[in-house]
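Working notes for the structure below.
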Amino acid sequence: MEENVQDYKLIFEKEGVYLHTNAKRTNQDTSIPGFIRIVERAGIAALEWSPLPDEGRTAPAVLYTKKDGEGGEEETHFDPGYEPDWAVINTVVKDCQPVPIQEAGQWAFSLPLSELYSLRRARFSLGRNFIVLTSRGGHPLPPLHFHRGGTRELLRAMHRYIVLDQSPVDGRLFLAYPRDSDALPQGFDKLQLFDDGGSDLVSRFIQDPYATTFGGFSKVTNFFRAAIRPPESSIHPRSAQDPSLPSQPDDEPGFELITCGVELGPRPEATRGQPLDKWEDFLDPEGRVKNPEKVKELVFRGGITPSLRKEVWKFLLGFYPWTSTTREREDILRVKTDEYFRMKVQWKSVSEEQEMRNSLLRGYRSLIERDVNRTDRHNTFFSGNDNPGLTLLHDVLMTYCMYNFDLGYVQGMSDLLAPILFVTQNEVESFWCLTGFMDLVHHNFEESQEAMKQQLLQLRILLKALDPELCDFLDSQDSGSLCFCFRWLLIWFKREFSFEDILTLWEVLWTCLPCENFHLVIACSILQSQRGELIGSNHDFNTILKHINELTMKLDLQNILRDSEAIYLQLVQCKELPVQVKQVLGLCDSSSSEENSSESQSDEAQHLLCQSQAGAASSSSYVPTYP
1 MEENVQDYKL IFEKEGVYLH TNAKRTNQDT SIPGFIRIVE RAGIAALEWS
51 PLPDEGRTAP AVLYTKKDGE GGEEETHFDP GYEPDWAVIN TVVKDCQPVP
101 IQEAGQWAFS LPLSELYSLR RARFSLGRNF IVLTSRGGHP LPPLHFHRGG
151 TRELLRAMHR YIVLDQSPVD GRLFLAYPRD SDALPQGFDK LQLFDDGGSD
201 LVSRFIQDPY ATTFGGFSKV TNFFRAAIRP PESSIHPRSA QDPSLPSQPD
251 DEPGFELITC GVELGPRPEA TRGQPLDKWE DFLDPEGRVK NPEKVKELVF
301 RGGITPSLRK EVWKFLLGFY PWTSTTRERE DILRVKTDEY FRMKVQWKSV
351 SEEQEMRNSL LRGYRSLIER DVNRTDRHNT FFSGNDNPGL TLLHDVLMTY
401 CMYNFDLGYV QGMSDLLAPI LFVTQNEVES FWCLTGFMDL VHHNFEESQE
451 AMKQQLLQLR ILLKALDPEL CDFLDSQDSG SLCFCFRWLL IWFKREFSFE
501 DILTLWEVLW TCLPCENFHL VIACSILQSQ RGELIGSNHD FNTILKHINE
551 LTMKLDLQNI LRDSEAIYLQ LVQCKELPVQ VKQVLGLCDS SSSEENSSES
601 QSDEAQHLLC QSQAGAASSS SYVPTYP
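Numbering (full-length UniProt numbering), first residue to last: 1 to 627.
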């Protein structure tokens, strides 16, 4: 296509901006280098990306724009599906009408800045930035990865034409307004969108076909930099007041807390039991659960038979107190039903005109609608169009926004609700069970991501004690941060096991037996089950990510649970278990760790003290039976 020189003006240009395509739907490279430009054509500013001249691809180029009165066929190479930032990203999504702008066989797009609706910024893989631009049609362009920096320069150039205002829904999302709109302008420096600081390791990710398969990294601004080199205010700062944390050389990752081998002793065997299949036997004449701890033990050992899940889950998730009578539960249900529908009517009664002036509610609704349309659609309860299960999923999530204003809706919460709704098949009960589940995991979804950083740190501590050789190997491949486990921990392995297995796994974890961090022990079990494949091969960072990603739906849950309990028993039987490991397992609290780590105390006294503290502080009565 020829350009009229008088109508064309180049405003900004940057090389080294990569577009990641869909590896699973094509046999082409998934990382295409190119140029990002801001140009003016006939006075209209547009953002354009085009590949390097020798980077042709079989898919036709498209112009990402609207043409009044013209139709257009949907580009069949693009998957119209939607995935949240932390999920597996393997699609390139387009909206509007695609029209060729360059010779066939190249990826390219052009978006008038007047059609830009929002910009999401994130940092990925050890400092590399990427951005996702969304048109006013509501769908994102392909993520643009800045391997060589340049994001701030691009945004400064864009700021000449548009105003970027931070969304109240998501601190990483910025809404775009024309400069002549009534939007409150902000200075560019106030936005603090990016720092282009990189890392020597960034070059290892260039043309990485799996770099986007764990988009959870993109969920957190500066997540990896903080994880690999924690600031002074990190979760476990090293100080004279905390002698339990050994000093670390400046060039070592901040996860290295256990520096010497631990003699754990032999790993005992653990056995699984039969699922809980008799409920009435545990109720007294007034309907109270006579032995809640025994119920939890049975659930931990074997899960729950499907016909009883609807009832028992309401106790495990706190909807009903264990000590409540049948009459009291009837009163609770009546009160909770009224409370639920009072919250539901709050958002149902908002008119379209009101919602147009409520960006917070509008943002929540948009996220929920997109997530609902892709959550567990293979399950018959949520499959097909106009499915009442989808309506319930949507309504419960919208009502949760009214219940928890501070958190609202965050991508991933639909994954937590779907199994609960499937089991209860009741709107009110599923809502209150979701609130109980969120009480356990809400920190995972907070903007700061401090809880996720801490969990990855704790997972590192456990794995280092269990398998230092595997940790050393992962370190050698720049994978010691265990960041590829992010998704496992965020939504409790929801994407790793089958739907039926998740029902069993979650009810096991809801017992909080044998410790509240048992999900971290499960993660260790999965990693150790793969040690032969990882260490005995030529895996590097990229192929480690690929291998972990491909474990989805290939794991045997019963074997994992059996091995996880055996790991726990092995650790608690160790008489010289490091204090950090004890803290992760809940065998001693953090306030006592300084005192217990004193050199003047004998190892035996330290062990007994921690065990007694655990017995007093534990929320359960799980007592492992050693062979």
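Just so it is clear, CB atoms sit at the ideal spot from N, CA and C, and this is done for glycine as well.
Could you give the C-beta distance for residue i and residue j, rounded to a whole number, given that I count them as a contact under 8 Å?
i    : j    : result
P112 : A46  : 5 Å
R267 : Q570 : 4 Å
L513 : F437 : Contact flag wrong, Cβ pair sits at about 17 Å.
L116 : S135 : 7 Å
C483 : A523 : So it is not a contact: roughly 12 Å between Cβ atoms.
L19  : I38  : Not quite, the Cβ-Cβ distance comes to about 17 Å (not below 8 Å), so this is no contact.
F541 : S476 : About 10 Å; that fails the 8 Å criterion.
S114 : P178 : 6 Å
Any idea what DSSP makes of residue i, helix, strand or coil?
i    : result
E322 : Sequence inspection shows Trp at residue 322; the Glu mentioned does not correspond to that position. In this structure, W322 counts as coil in the three-state DSSP scheme.
P52  : Going by the sequence as given, residue 52 is Leu instead of Pro. Three-state result, L52: coil.
F124 : Confidence is the limiting factor: at F124 the pLDDT is only 47, short of 50, which leaves the residue's position unreliable, though a coordinate-based value still follows. F124 falls in the strand class under three-state DSSP.
R179 : coil
I491 : coil
L407 : coil
G363 : helix
K9   : strand
Y18  : strand
R342 : helix
P306 : helix
S349 : coil
V262 : coil
T271 : coil
L141 : coil
L482 : coil
A617 : Because the pLDDT at A617 is just 36, under 50, the model does not fix this residue reliably, and the value given afterwards should be weighed accordingly. Here A617 sits in helix by DSSP.
F130 : strand
F282 : helix
P246 : Because the pLDDT of P246 is 36, which lies under 50, any placement of that residue in the model is unreliable, and the number read from its coordinates should be weighed accordingly. It is coil, neither helix nor strand.
F174 : strand
Taking the alpha carbon of residue i as the point to measure from, which residue in the options has its own alpha carbon closest?
i    : options                   : result
D563 : E297, V345, F497 and S529 : S529
H378 : T399, P419 and Q354       : P419
I560 : V39, N129 and T271        : T271
I526 : D277, L462 and S537       : L462
V423 : G412, M402, L392 and Y409 : L392
Q346 : C401, T543 and N385       : C401
L333 : E429, L482, E507 and D7   : E429
R342 : R374, G384, E293 and M398 : M398
R374 : N426, H442, G412 and S118 : G412
A42  : L10, R362, G34 and P53    : L10
F493 : V396, V584, D415 and L144 : D415
M553 : D501, L144, V508 and N542 : D501
S498 : Q558, E565 and E353       : Q558
P53  : D7, E40 and A108          : A108
H159 : S383, L119, F146 and R172 : L119
S324 : P285, Q354 and R362       : P285
K14  : G149, S537, V132 and P468 : G149
N549 : E496, S537, A451 and E293 : E496
D395 : L417, F405 and S383       : L417
Could you check where the alpha helix (DSSP H) with residue i kicks off and where it finishes?
i    : result
G389 : P388 to Y403
S414 : M413 to T424
R156 : T151 to M158
K582 : V579 to L585
Between which two residues does the beta strand (DSSP E) containing residue i stretch?
i    : result
L164 : I162 to Q166
L111 : F109 to P112
E115 : From DSSP, E115 is part of no beta strand (DSSP E); its letter is neither H nor E.
V289 : Per DSSP, V289 belongs to no beta strand (DSSP E) and is neither H nor E.
L144 : L144 to F146
P33  : S31 to R41
Any heavy atom of the ligand GTP closer than 7 Å to the Cβ of residue i?
i    : result
E269 : Of the ligands one can find in the structure shown there are none, so the ligand GTP has no counterpart to examine.
Residue i CB to nearest chain C CB: under 8 Å?
i    : result
G149 : Here there is only one protein chain, and chain C is not present.
Extract the residue ranges of the alpha helix (DSSP H) inside the segment 498-575, only unbroken runs of 4 or more that lie entirely within it.
499-510, 518-529, 531-535, 541-549 and 557-573
Please give me, in chain order, every unbroken run of the alpha helix (DSSP H) with length at least 4 that falls completely inside the segment 434-479.
450-466 and 468-476
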